[in-house]
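Asks:
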Amino acid sequence: MKLISEISPFYILLLSGIAFAAAYFLYSGKEGKNYSKKLRRILLSLRAFGLILIGILFLGIFMQTTKTRTEKPVLINLIDNSVSMSNYADSSSFKKHISGYLSAVREKFGSDYTIKNYKIGANLSPLDALSFTEDKTNLSAPFTSLAEQFYGNNIGAVTLISDGNYNEGDHPLYATGNLTHVPVFSLAVGDTITKRDIIVRNVQSNDFVFLNNFFPVEALIEAKKTGNRALNVRLVHQGKTIDSKTISIHPGTSFYKVNFETEAKNKGVQYYQVIADEAAGEYTTKNNKQGFYIEVIDDVRKVLLLANAPHPDISAIKSVLEKEKNNLVEVKLVSDWDKNASKFDLIVFHDPLSGNQAELLRQIVDQKCPVFAILGAQSNFRKGASYLGMEYTAFNQMDENVPVFNKNFDLFELSAETKRQFRFFPPLRSVFGRMKLSPNAKVLFYQGVGDVQKEDAQLFFHSVNDVKIGILQGEGIWRWKLANYRSAENTEAFDEIFQKTAQYLTTKKNNTPFRVSVPKKSKANEPVIVKAEVYNASMELVTNTTVDFRLTSEKGTQQTYDFSVSGNYYSLNLGKLAAGNYKWTASTKIEGKLHQLSGDLVIESNDIELLDNTSNFEILDQLSTQTGGKFYLLSDYSQLLDELSKREDIRPVESQEQTVKNLIDYWWLILLIIAVFGTEWFIKRYNGSY
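In numbering that gives the first Met the number 0, the protein residues as written are 0 to 689.
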């Protein structure tokens, strides 16, 4: 404890002198004649001392105090709670070892360490009970969470009890860098012995397919220690084998790709399985099959490509749209078309403002057909710009502009790679002028010269009389396709731009008063959230009615739920559902009329934890070695306890905490002043002065 002040000690001496002088002046006069010499000295001292204390309070003097705090080291135990921990021969004994280790740690270090226990699955959570049912393992996220949670704390060591297998997140070694100078000790579960096993490692297929179309299925089969043999792999639908392939298996561990192609004959959500026959003496057959769902839809989108004359831009657009099998694409010259736009879902009109086509453009919009207009070099904006919902002041010269992406565009998302490819796209050729867009326009690309963005739009969307309109200001997009291929050896960026353009323009506006949003697919370990919206006659969101939800499983079991109001919409958490194909029905009454919607909900099983029955000790050993820890088998946890006892770098940390406070903030000093003057008053009173 010490006093801190910016003033010179001379002022304190001066203050003391003034205080004693004032007290002497008081008690040497008439006031002091009533007391004895001894009592007068006592009263003089009390008055002077009190005045000195009051003066000190106003001199800005601070008191600094120092406290020493001892922080115990924190020992953090991380326990893998995933399904794969039970995949080994010692699955019955490792639970006893974990319990024994936690008890021994508590007994041996409970008084010297702060012990924290957590379990690991997809995330880190405090240890309450171990079930070993988590269907995901993330070994990197725990270290990131610990670094944030225990920032600034004295972490002595981290112990990881795991089989070393993970199927989510990064390599754990990358995340341990967040815990500086913290050793990680591994207690390994399982074994590294390769067992005889046939595994359907992965199955890839389409998310959806159109009715009566063929679709591919690719399965990755892993064979371990099965010797030379022929293996039969089957594709199963509705309990029946619809295709099978036989592959030749070689000794050791090998991977094999098996390809099927089958026809989608049934509409709706369909469940398929890839099943590999069992091998004699297999360690487990739980991983010999893998299921997947495909939605078979019967929905055709009719698109007309319309032009005054053949043009490479039309060919480029046609190549994109025909890649989607639900697009029925027709190409017509204006002179050959019957002008019936109502039978199409979208018309791509090349150079609609050239010649005398403005009237035709008006007829298309009047028939409520969405339009994607490619405005070329022959555009006459005076005749038809108003039909496209825009104003354009054209000058008698041409212009060339590259696309500049608008970061605020929100009608649909483009991939990061597509955005990266824009810089390779050459400029489009268009009529030079000034553009004025409608207030509801959404700009995807602005016109640019080099990296400089202009105010005018190059590709944008809006609506005219509730008809969606897309406008591309410029021709020569066929060069975009070539540039995309030159830079990336594919045309995926070009395709994505115009596939999503067509998808947006053909999506019908939803005017129904009852809308329900249910995910088409979800995983068995993830909660399913459902959202519902109810609109009144003025298309305003309301929450004054009851919304019911019924879920039916494949076995016919029904469960009824009630939505709860959340803001201006309805929300429902179905929780985590078992794997399977469910049918759902939602209903409500709006102004006395019943509205009902239904659909499919697919819950996919997550059996990824069953794929591995060999521990990955290499990761655990590497993790411990590079952080200054050590690797042990779980059964040898007593050796770890001995090692922790010997570590000199795991010890309490002393820290000093300094506090600086103004003397006026100390209540005891105020009480002292009151006591001094109170004592003076009491002495006077006792001796008959008052």
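Note that the Cβ used here is the ideal one computed from N, Cα and C, for glycine as well.
Please check the pair residue 271 and residue 246, which I expect to be a contact at CB under 8 angstroms, by giving their CB distance rounded to whole angstroms.
Replies: That pair is no contact at about 19 angstroms.
Asks: Among 557, 649, 77, which one has its Cα closest to the Cα of residue 576?
Replies: 557
Asks: In chain order, which alpha helix (DSSP H) runs of at least 4 residues are fully inside the region 461-519?
Replies: 476-487, 491-505
Asks: By how many angstroms is the C-alpha of residue 230 removed from the C-alpha of residue 494?
Replies: Inter-residue distance for residue 494 and residue 230 is about 40 angstroms (C-alpha atoms, whole angstroms).
Asks: What do you reckon, are the CB atoms on residue 529 and residue 517 nearer than 8 angstroms?
Replies: Annotated as proximal: residue 529 and residue 517, with beta-carbon spacing under 8 angstroms.
Asks: Do you know whose CA, among 470, 546, 598, lies nearest residue 360's CA?
Replies: 470
Asks: Give me the residue from 602, 581, 57 with the minimum Cα distance to residue 664.
Replies: 57
Asks: To test your reading of the DSSP string, which unbroken beta strand (DSSP E) runs of 3 or more residues are found completely within the region 141-214?
Replies: 154-161, 183-187, 196-204, 207-209
Asks: Specify whether the region 348-358 and the region 302-318 touch according to this definition: at least 3 beta carbon pairs, one from each stretch, less than 8 angstroms apart.
Replies: yes
Asks: What does the Cβ neighbour count give for residue 295, buried or exposed, with the cut at 16 atoms within 10 Å?
Replies: buried
Asks: What does the alpha-carbon distance come out to for the pair residue 192 and residue 615?
Replies: 10 angstroms
Asks: Report the rounded CA-to-CA distance for residue 84 versus residue 552, giving the unit in angstroms.
Replies: 30 angstroms
Asks: Where does residue 636 fall in DSSP's three states?
Replies: helix
Asks: For residue 530, write down the residues that DSSP places opposite it in a beta bridge.
Replies: 516, 570
Asks: Within its chain, find whatever has a CB closer than 7 angstroms to the CB of residue 265; leave out the 5 residues flanking it on each side and keep chain order.
Replies: Cβ neighbours of residue 265 beyond the five flanking positions: 295.
Asks: Compute the Euclidean distance between the alpha carbons of residue 436 and residue 355, then round it to the nearest angstrom.
Replies: 23 angstroms
Asks: Find the nearest neighbour of residue 40 within the set 59, 50, 60, 19, judged by alpha-carbon distance.
Replies: 19
Asks: If you measure between the beta carbons of residue 408 and residue 453, is that distance less than 8 angstroms?
Replies: no
Asks: What three-state label does DSSP hand residue 125 in the structure shown?
Replies: strand
Asks: When you compare the CB positions of residue 74 and residue 114, do they come within less than 8 angstroms of one another, or not?
Replies: At a Cβ-Cβ threshold of 8 angstroms, residue 74 and residue 114 count as neighbours.
Asks: So, are the CB atoms of residue 188 and residue 134 less than 8 angstroms apart?
Replies: no
Asks: Taking the alpha helix (DSSP H) that residue 429 belongs to, which residues open and close that run?
Replies: Premise fails: residue 429 lies in the beta strand (DSSP E), 427-435, not in any alpha helix (DSSP H).
Asks: Residue range of the beta strand (DSSP E) that residue 312 falls in?
Replies: First-last for residue 312: 311-320, but that is the alpha helix (DSSP H), not the beta strand (DSSP E).
Asks: Would you kindly work out how many angstroms separate the C-alpha atoms of residue 240 and residue 234, rounded to a whole number?
Replies: 6 angstroms
Asks: Am I right that residue 317 and residue 299 are in contact with their C-beta atoms under 8 angstroms? What's the rounded C-beta distance?
Replies: With a Cβ gap of about 16 angstroms, residue 317 and residue 299 do not count as contacting.
Asks: Rounded to whole angstroms, what's the CA-CA distance from residue 698 to residue 604? Just pull it up for me.
Replies: Because the chain is modelled from 0 through 689, residue 698 falls outside the range shown and cannot be assessed.
Asks: Just grab the DSSP bridge partners of residue 583 for me.
Replies: DSSP output for residue 583 lists 550, 598 as bridge partner(s).
Asks: Among 232, 345, 532, 404, whose alpha-carbon lies nearest the alpha-carbon of residue 419?
Replies: 404
Asks: Report the three-state DSSP secondary structure of residue 649 (helix, strand or coil).
Replies: DSSP, reduced to helix, strand and coil, places residue 649 outside both helices and strands of the structure shown, so it counts as coil.
Asks: With a CB to CB cut of under 7 angstroms and the five nearest residues on each side skipped, what residues in its chain are close to residue 268?
Replies: 292, 294, 580, 599, 601
Asks: Could you spell out the range, first to last residue, of the alpha helix (DSSP H) harbouring residue 416?
Replies: 415-420
Asks: In whole angstroms, what is the alpha-carbon distance linking residue 159 and residue 637?
Replies: 15 angstroms
Asks: DSSP puts residue 67 in a beta bridge; with which residues?
Replies: 655
Asks: Cα separation between residue 673 and residue 656?
Replies: 31 angstroms
Asks: Taking the straight line between their C-alpha atoms, what separation do you get for residue 221 and residue 607?
Replies: 14 angstroms
Asks: Among 7, 3, 87, 11, which has the Cα closest to the Cα of residue 60?
Replies: Looking at the Cα atoms, 3 is the closest of the given residues.
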